[in-house]
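Enquirer: Got a structure for you, questions after.
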Amino acid sequence: MFNRFKSALLSSVGAAESAAAAAQAAVTDGAEAAGGPAARPAKFAYGRPAFLQLETEDELQVAGDRVIRPIIVPRDSSRLPWTAGYAEAVNAGKSKRNEDAAAVYTGVLHQPPPGGPAGDGDGDGLQRTGRSVPYYYFGLFDGHAGHGASVAAAHQLHHIIHERLVDVLDHLLPPDPSAAEAAPAPGVRAASLWIPAEEVAPEKLVTGALEAAFNDMDALIAEDRLKYDMRGGCTAVVALLLLGRLYVANAGDSRATYCRHGRAVIASHDFTPETERHRVRQLACQQPALTGGEFTHLDFARRVGRRDLGKRVLYRDAHMTGWAYKTVTERDLRFPIVCGDGKRSRVCATIGVTRGFGDHDLKAQNTNVNIKPFLSSQPQVLVVDLEEEAVTESDVLVMATDGLWDVISNERAAELVEQSLAAFPADDVTKRRYRCTSAAQDLVMSARGKLKERLWRLSDGTMATIDDISVFVVPMLPYREEHLLWKLGQEASAVRCAPAEPPSGVRQVSEPAQLDRYQSLVEQCGRPSPPAGTSPSGNPSGAAAAAAAAAAAAAEDPVETGVEPEFADAETGEPAAANGPVPAANGPSGTPPAAEQVGTVPVTWFGGEDATPVSRPAPR
Amino acid sequence: MSYAYLFKYIIIGDTGVGKSCLLLQFTDKRFQPVHDLTIGVEFGARMITIDGKQVKLQIWDTAGQEAFRSITRSYYRGAAGALLVYDITRRDTFNHLTTWLEDARQHSNSNMVIMLIGNKSDLESRRDVKREEGEAFAREHGLIFMETSAKTAANVEEAFINTAKEIYEKIQEGVFDINNEANGIKLGPQHSPAAAGGMAAGGLGGSQGGGCC
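As you go down the protein sequences, you meet chains A and B in turn.
Quick note on the numbering used here: the first sequence kicks off at 515 and runs consecutively.
Quick note on the numbering used here: the second sequence kicks off at 1094 and runs consecutively.
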């Protein structure tokens, strides 16, 4: 997608700017601020993700060796929460640098104590420090036409999300029992908060925070590009672990896939010109001025040319999913606003991704048509309730840029992860810290392949990706355990703080019962919690036994929901399955995985558009 | 810092023989008794002086674990020198040398200089592989041989520098095509003899500063 995209970019800028771009390309590392129109400083210096600790130019250079394409993993796996895994490899010459960017952030949302941060405000000797909510953030950004947008997003998006979360924190937490004592006058409360008529579920607020933050991020890049050298655009996929839930926000063609026991349970939806054909054509139809008279929103069953003038050809309008006949006129000869299939699909014959950040100055190839109006920064948000789930040691979220997904199906990725995890068992104290790192490395290796006769090939000889590849493998169980402990701590402190006569609405919890529960939870957290009916993972064969049990369960009842997470799509309220079909058809094995149940549901995302399954090209 | 030549090295051998420790001792002049398992690949660099010329060694330290072997193999390409390391206190690491050597010969260029290293020479009391055995293996396969201790730093400098000298000699003899980067040799910006002469402070085998340059 990018070669054409790049040439489009070059051909659309003026000669002077091309020269500046060439000059820019010629300057050496770290000296980005060259002369000419590109003299604006970079807001963020180029670098690899901070947790890789690649600090010197030497290290950056070796990590970015496009001939060897080394697979880079964190030197110190404890840099990531719960020794989550990360690995990356640079492209094979597609762009000068690895334009993928990644960020990990561990944050705490702090709610000041009622009555202000002064602590012991009411003189009862109890220190009030307020409540703190920990959260974890993982972000991947696949840049194109430069690293400006991807690096900016990696540096800033988590801060924006944090601000947005702080905004709604009062609604995310259950009522603070100690607040009842120092409850502000009702008028104050009503004035400081808009209280919706209907109660809004916390996950809707977090989803809203993510969506708003994505929009803010794009607006910030729009603003910053006027002050700084910040070029290109990027996709964004973010995983947020907060209050016992996993939120995956995705805008673009990177993907997050939830894997369990070697199976892909659910995946985020890819936004490409092909999958967003409907939205883009609708927009072109409703606002034809945006196309500059260069593109048509009509879709023809085949490319029409001059010789078709006056002939009847199958077409569909923006309001159609099926086909009808139309007599071809001069106006129909314009280029379709969305053309091509799969990886080669393009908007305005130029760009191959439709969501993400940046691209504010991008023009359609050889025209003066702005592409940005057709792009969107809105993410789709998936929510998984980890508190309710029977989360196992094998539950991981695989997040990766399209470098991985172009050649590895969700099912294959899940299998590879399972194999890697088995090589570093969770119950082996010396090895467990490497398990996710090794899984991430294996995934990158399986997509990068090996150089054979000057071509990058997979082990079966088919073509490997030449794109940048970045992969996170995030274990879900440690977060779940951490969250349950945090929750119990909250409940315990609520008991301590609760006044003798609790105000209505505050559940009175008896302390001994509370302690019992705490005790049992600590025990439960002390060892991995296996799914019901399987042996504990403390047993060396636990993982295999669990996998076998799950497979057996799946064989008996393929739509077994007891072990599948409750995936809800925050945007539509429909089961996300309808929107996030797993391209299970890509799976090499003949047995239909449970995910396929999901995958066969018609795509209803954005009003029942394209019936084409939203899937990547099959790797083989 | 500019250099006349850049040589790319790789360090290979079984897990736990001390590859990462050798690298750390050479680049940072320190020893870390407990070292994380190397999962992927690590880098180090140091400038040395050979024949009055600044030579930069760029060293790729690889994972020894069997599970990572196929990934490790893809790093052999484009290396001018290899340190093949075994542990003198563990015979199995010596027994695996043939496999490592085959791997290296198969996946690297034929001119690659290979230095055989018997590490942990400070643990004489626990020695399991005789020095003569190492020497014999090296002779048989045309390798240079040294016993080192990453802990005491004994022979560590020499191991890296002697390998570089051997590569340098091969360049002088015209064995290496220095214009082909696939050989693991890169000409630096200051290659002209005048510039090199001006820079050279140390003599043959002398070294400068640690850390990555």
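By construction, the Cβ of each residue, glycine as well, lies at the ideal position given by its N, Cα and C atoms.
In chain order, what residues of the same chain lie with their CB nearer than 8 Å to the CB of T620/A, ignoring the 5 residues before and after it?
Expert: Result list for T620/A: P595, P648, Y649, Y650, Y651, in chain order.
Enquirer: Mind listing the chain A neighbours of E1217/B? Cutoff is C-beta to C-beta under 9 Å, in chain order.
Expert: None at all; the shortest Cβ gap to chain A is about 28 Å.
Enquirer: Taking the straight line between their C-alpha atoms, what separation do you get for R739/A and E790/A?
Expert: Approximately 27 Å, taken between the alpha carbons.
Enquirer: Would you call the segment 558–572 of chain A in contact with the segment 660–671 of chain A, where contact means no fewer than 3 C-beta pairs closer than 8 Å?
Expert: These segments touch.
Enquirer: According to DSSP, is E925/A part of a helix, a strand, or is it coil?
Expert: The answer is helix: DSSP assigns E925/A an H, G or I state.
Enquirer: Which of helix, strand or coil does DSSP assign to H997/A?
Expert: In the structure shown, H997/A sits in a helix (DSSP, three-state: H, G or I).
Enquirer: Starting from the C-beta of I675/A, find all residues in its chain whose C-beta is less than 8 Å away, skip the five residues before and the five after it, and write them out in chain order.
Expert: Y651, A723, L724, A727, V752, L754, listed in sequence order.
Enquirer: Less than 8 Å separating the Cβ of D767/A from some heavy atom of the ligand ADP?
Expert: Ligands in the displayed structure: none, and consequently the ligand ADP is not present.
Enquirer: Please classify C1148/A: does DSSP put it in a helix, a strand, or coil?
Expert: Nothing in the structure corresponds to residue 1148/A, since chain A is present only between 515 and 1134.
Enquirer: Please report the residue range of the beta strand (DSSP E) in which Y560/A lies.
Expert: Taken as a continuous stretch (DSSP letters only), Y560/A belongs to no beta strand (DSSP E), as it is neither H nor E.
Enquirer: Taking 9 Å as the cut-off, decide whether the C-beta atoms of L957/A and L911/A are in contact.
Expert: Not in contact: L957/A and L911/A (Cβ atoms no closer than 9 Å).
Enquirer: When you compare the CB positions of Y600/A and P584/A, do they come within less than 9 Å of one another, or not?
Expert: No, these two residues do not count as a Cβ contact at 9 Å.
Enquirer: In terms of alpha-carbon separation, which member of R1220/B, Y1096/B, W1193/B lies closest to H1309/B?
Expert: Look at the range of chain B in this structure, 1094 to 1306, and you will see that residue 1309/B is not part of it.
Enquirer: Can you give the beta carbon distance from G806/A to T881/A, rounded, assuming they're within the 8 Å contact cut?
Expert: That pair is a contact at about 6 Å.
Enquirer: Give every residue of the same chain whose Cβ lies closer than 7 Å to the Cβ of V861/A, excluding the five residues on either side of it in the sequence, and list them in chain order.
Expert: P787, V794, I851, V852, T868, I885, F888, listed in sequence order.
Enquirer: Answer with buried or exposed for R745/A, where buried requires no fewer than 16 other C-beta atoms within 10 angstroms of its C-beta.
Expert: Result: buried.
Enquirer: So what's I1181/B in DSSP terms, helix, strand or just coil?
Expert: Coil.
Enquirer: Just checking: is the beta-carbon of P584/A within a distance shorter than 9 Å of some beta-carbon in chain B?
Expert: Yes, P584/A counts as interfacial toward chain B.
Enquirer: Using a Cβ-Cβ cutoff of 8 Å, what residues of the segment 1121–1145 of chain B are near chain A? List them in chain order.
Expert: Within the segment 1121–1145 of chain B, the qualifying residues are D1129, L1130, I1132, G1133, V1134, E1135, F1136, A1138.
Enquirer: So which residues of chain B does T951/A contact, with C-beta pairs closer than 7 Å?
Expert: Result: I1132.
Enquirer: State the start and end residues of the unbroken beta strand (DSSP E) segment that holds I1143/B.
Expert: That run of the beta strand (DSSP E) goes 1134–1143.
Enquirer: Out of V943/A, D590/A, G657/A, point me to the one whose CA is closest to V604/A's CA.
Expert: Checking every option, the nearest Cα to that of V604/A belongs to G657/A.
Enquirer: Is it true that the segment 1131–1148 of chain B meets the segment 1157–1164 of chain B, where meeting means three or more beta-carbon pairs spaced less than 8 Å apart?
Expert: With a cut-off of 8 Å, the segment 1157–1164 of chain B and the segment 1131–1148 of chain B count as touching, because enough Cβ pairs lie within range.
Enquirer: So which residues on chain B does M959/A lean against when the C-beta distance must stay under 7 Å?
Expert: Chain B residues near M959/A: I1164.
Enquirer: Hey, how far is the Cα of G1174/B from the Cα of A1252/B?
Expert: Roughly 11 Å separates the two Cα atoms.
Enquirer: Check the DSSP bridge columns for F986/A and list the partner residues they point to.
Expert: Per DSSP, Y600/A, M913/A.
Enquirer: Buried or exposed: which applies to Q1199/B, given that a residue is buried once 16 or more other Cβ atoms fall within 10 Å of its Cβ?
Expert: By the neighbour-count rule (16 or more Cβ atoms within 10 Å), Q1199/B is not buried but exposed.
Enquirer: Using a Cβ-Cβ cutoff of less than 7 Å, which residues in the same chain neighbour A705/A once the five nearest sequence positions on both sides are dropped?
Expert: The predicted position of A705/A is uncertain, since its pLDDT is 45 and thus under 50; a value taken from the coordinates is nonetheless stated next. Correct list: empty, nothing qualifies.
Enquirer: Bridge partners for H658/A per DSSP, in chain order?
Expert: Partner(s): G747/A.
Enquirer: So, does the CB of K964/A fall closer than 9 Å to a CB anywhere in chain B?
Expert: So, interface residue.
Enquirer: Buried or exposed: which applies to A815/A, given that a residue is buried once 16 or more other Cβ atoms fall within 10 Å of its Cβ?
Expert: A815/A is exposed by the Cβ-count criterion.
Enquirer: A803/A touches chain B at which residues, Cβ-Cβ below 7 Å?
Expert: Simply none; closest approach about 52 Å.
Enquirer: Beta strand (DSSP E) containing K945/A: first to last residue?
Expert: That residue, K945/A, is in no beta strand (DSSP E); it is neither H nor E in DSSP.
Enquirer: Residues of chain B with CB under 8 Å from Q955/A, in chain order?
Expert: In chain order: I1132, G1133, F1161, I1164.
Enquirer: Anything in chain B within Cβ reach of R589/A, meaning under 8 Å, just list it in chain order.
Expert: Here the neighbours are D1129, E1135.
Enquirer: Rank L734/A, D579/A, L965/A by C-alpha distance to the C-alpha of D873/A and give the top, closest one.
Expert: The candidate whose alpha carbon is nearest that of D873/A is L734/A.
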